[in-house]
Every structure is written in C-alpha cells, then in structure tokens.
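Comments concern the structure below.
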Amino acid sequence: MSFSREKKLLQQNGKRERTAKFKLKCFQRIKRAFTFTVVYGKMNREVNGMAIYLEMPELDKDFPFRILVNDGDILTTPHWHREVELIYVTKGTISLGIDDVPYKLREGEIAFIGGGLIHYVLASPGSERLVYQFDLNYFTAGNKENLDLQKLFAELLPISPHWEKKDETAVRSLLEQMNREMENQETGYQFALKAELFELITRLLRDIPQQAKQPKKINKLATQDVLEKLDGIFSYVEAHYQEVLTLQTIAEITGYSSFYFTKFFKKNTGKTFLTFLNEYRIDKAKWLLINSDLPVSEIITQTGFESDKTFYRLFKSSMAMAPLEYRSTMKIE
C-alpha cells in the first residue's frame with residue numbers, strides 16, 4: 002500500500018471514529034432524557050457568580066413524568082423550571098444548591114426541589130443519581146388545588162437527612178420501584194407509575210416536615226403569579242408554534258400590552274420572545290430530523306417557519322452544521 006493511500010485511510014478512519022464518538026455522546030444524552038431538554042435563556046441576575054437559566058423540560062403531555070439517569074462529575078449551572086424534581090443519589094456524593102442554600106448528599110439520600118426554585122448540582126467523579134421530574138398540573142388539572150400544592154411543595158424540607166428515617170426509607174423505596182417500572186416497562190407499567198406518583202405526592206405532603214418560616218428574600222426568583230404567566234406562555238407556544246405567532250397575540254393571553262409583555266418576558270427569561278420562539282421551533286425541527294424521513298422543506302413548514310432562509314440561518318447558528326448534515330450525523334445506522 003502506498004504511503005498516500007495509507008494516510009488517506011487513516012484520515013477516513015479517524016473521521017469515522019470522531020463521528021461515532023459524537024453520535025454516541027449525543028444519543029446517550031437523548032436516551033437518558035427520553036426527550037430533549039431545552040434551556041431557554043439567561044436570567045438577569047446571578048447566584049454565586051453564575052448566571053441563572055430557565056429550563057423547560059419537554060415532557061409527554063399525556064403523562065408529564067420522566068426519570069433521568071446521570072453519572073460522573075457534572076456541574077449544572079443555576080436554573081429553574083416549573084416541574085417538581087427529586088434527585089436520588091445511588092452512588093458517591095453530590096453538592097447542590099437550592100434557593101441559594103448549599104447542601105451535600107451522600108449515597109441513598111434524596112433532594113426534593115419544588116417548582117420554581119433555583120437549583121444547581123455539582124457531582125463528584127464516580128457518582129450516580131436518578132433524577133425524577135413531573136408536572137403538578139397533571140395531578141391537579143381542572144381544580145384549584147394546584148396553587149396550594151405548588152406552595153406547599155416549595156416549603157418542604159428539601160433534603161432527606163432532615164427527614165424522619167422511616168420517611169426517607171419509604172420515599173427511597175418508592176423511587177426505586179418507579180425506576181424498576183420505567184426500566185422493565187412490563188404490561189401496565191404506566192398505570193403503576195401513575196399510582197406510585199400519587200402515593201409519592203401524598204407521602205411528601207403528609208410526612209415531610211416544612212421548613213421554618215424565613216423572612217421573604219428580596220431577590221426571590223419569581224412569584225407564583227410570574228410562574229403562572231410563564232406557564233401560560235409556554236403552554237400556548239407548545240400548542241400553536243406551527244402557526245403565525247405575533248407579539249400582540251402572545252401578549253394578549255397574559256393580559257399585558259405588547260410593550261409591557263416585552264419587558265416582562267425579557268426580565269424573566271433573559272431573551273426576547275422571538276428568540277425563545279425560534280429556539281423552540283429549532284428544537285422541534287431537530288427532533289423531526291432525527292425521528293422522521295420528512296424532507297427539510299416539510300419540516301420547515303411543520304415547525305412554523307415562514308422563511309426557508311431564516312430556518313437555515315438559525316439552524317446553522319444553533320448546531321454549527323446544516324440540517325441534512327445533522328440528520329446524517331445523528332441518525333442510528
């Protein structure tokens with residue numbers, strides 16, 4: 002074999018190896034999340050010098066619940082979301098902050114994070130944890146309990162070392178059973194998961210003590226009213242992103258003028274509404290590129306973009322590659 006031929010083969014093999022590693026890394030993240038998680042904006046303040054982000058997990062409408070499997074040393078920057086979150090450490094230790102308060106969890110311990118609370122995680126090398134997220138709206142839709150439930154959850158003692166031992170054991174057992182149901186997915190597993198989620202919520206409300214009342218923080222992230230407004234905006238976008246969405250239309254659902262809505266949205270997400278909408282649509286396009294064989298022109302239409310040029314420009318800016326290149330890179334061969 003000539004030197005030039007050998008060199009060319011080595012280069013091709015190297016490229017294939019890098020592509021394979023990239024695909025593996027991407028699909029590990031997607032598999033663990035079961036769906037994409039999109040970070041939608043930098044907030045206008047910081048916690049311990051780090052910018053705060055709004056995270057909007059894209060959960061199944063019919064059953065807004067998921068379990069993420071995380072391992073290794075990671076740092077998630079301060080962020081918040083409307084969904085309730087529990088972190089169960091199955092190996093090693095993690096440090097985390099909840100609403101400006103630092104904590105440390107060891108193997109077997111649990112953190113509970115109410116919707117709307119700022120939090121971040123710093124995990125040690127070799128650590129493993131299960132992350133449970135669910136939307137309370139699913140359990141309280143159609144009645145007025147949701148407001149009280151959100152408030153009560155925000156006031157619970159956040160880490161299990163501060164709970165009664167029997168309560169920590171009971172919650173841990175429930176979380177492990179839910180994870181087994183999700184992994185095995187035997188007939189009727191979703192019914193089992195729903196039943197266990199209701200039991201989990203009941204246990205948390207009945208057995209987990211509340212925090213001592215603290216003076217109201219001046220820099221509190223968001224009031225319940227702000228969370229409800231944002232929730233309404235996100236839900237509307239989720240239902241209508243394929244349509245033409247104007248600033249005036251989206252402002253009307255919040256009861257604000259276009260001028261005030263612009264200020265409100267930028268203050269609470271760090272981005273303009275148009276930037277948020279474009280990022281949401283690009284994320285939907287990425288999902289369709291991976292999970293369908295639709296032509297790009299059809300994906301552009303289905304995700305609400307009125308201009309092909311705008312779509313290609315935003316996609317390239319977001320992913321540093323063209324849509325078809327992204328599809329070929331991410332598709333399982």
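Numbering (my numbering), first residue to last: 2 to 334.
Where a beta carbon is used, it is the ideal one built from N, C-alpha and C, also for glycine.
For residue i, the first and last residue of its enclosing alpha helix (DSSP H)
| i | result |
| --- | --- |
| PRO103 | Taken as a continuous stretch (DSSP letters only), PRO103 belongs to no alpha helix (DSSP H), being part of the beta strand (DSSP E) at 102-106. |
| ASP1 | Because the chain spans 2 through 334 in this model, residue 1 falls outside it and cannot be assessed. |
| LEU1 | Limits of the chain in this structure are 2 at one end and 334 at the other, which puts residue 1 out of reach. |
| PHE266 | 259-270 |
| LEU325 | 324-331 |
DSSP state of residue i mapped onto helix, strand, coil
| i | result |
| --- | --- |
| LEU206 | helix |
| GLU253 | helix |
| GLY233 | helix |
| VAL122 | strand |
| GLU346 | The requested residue 346 is not part of the displayed model; the chain covers only 2 to 334. |
| THR311 | helix |
| GLN243 | coil |
| PHE64 | coil |
| GLU197 | helix |
| GLN211 | strand |
| LEU69 | strand |
| LEU97 | strand |
| LEU150 | helix |
| TYR157 | A small fix is needed here, since residue 157 is Leu in this sequence, not Tyr. Of the three classes helix, strand and coil, the one that applies to LEU157 here is strand, per DSSP. |
Element boundaries [beta strand (DSSP E), containing residue i]
| i | result |
| --- | --- |
| LEU289 | Unbroken run through LEU289 is the alpha helix (DSSP H), 274-292; no beta strand (DSSP E). |
| SER128 | Element bounds for SER128: n/a, residue is neither H nor E. |
| GLU86 | 85-92 |
| ILE111 | 111-114 |
Under 9 Å between C-beta atoms of residue i and residue j
| i | j | result |
| --- | --- | --- |
| VAL238 | TYR281 | yes |
| SER1 | LEU106 | The first residue shown for the chain is 2 and the last is 334, placing residue 1 beyond what the model contains. |
| ILE88 | LEU123 | no |
| PRO65 | PHE113 | no |
| ARG67 | TYR133 | yes |
| TYR313 | PRO296 | no |
| GLN212 | LEU157 | yes |
Cutoff 8 Å; reference residue i; Cβ partners in own chain excluding five residues on either side
| i | result |
| --- | --- |
| THR255 | LYS230, GLY233, ILE234, PHE262 and PHE265 |
| ALA171 | ARG204 and ASP208 |
Buried versus exposed, by CB contacts within 10 Å (16 or more), residue i
| i | result |
| --- | --- |
| LYS285 | buried |
| SER128 | buried |
| ASN279 | buried |
| MET179 | buried |
| HIS120 | buried |
| PHE135 | buried |
Close-in-space but distant-in-sequence residues of the same chain around residue i (CB under 6 Å, 5 per side omitted)
| i | result |
| --- | --- |
| MET338 | With the chain covering only 2 through 334, there is no way to say anything about residue 338. |
| TYR104 | LEU97 and ILE160 |
Beta-carbon proximity list for residue i, same chain, < 7 Å, skipping 5 on both sides
| i | result |
| --- | --- |
| LEU118 | TRP81, ILE99, ASP100 and ALA155 |
Short CB-CB distance (under 9 Å) between residue i and chain C
| i | result |
| --- | --- |
| ASP168 | Included in the structure is just one protein chain, with no chain C present. |
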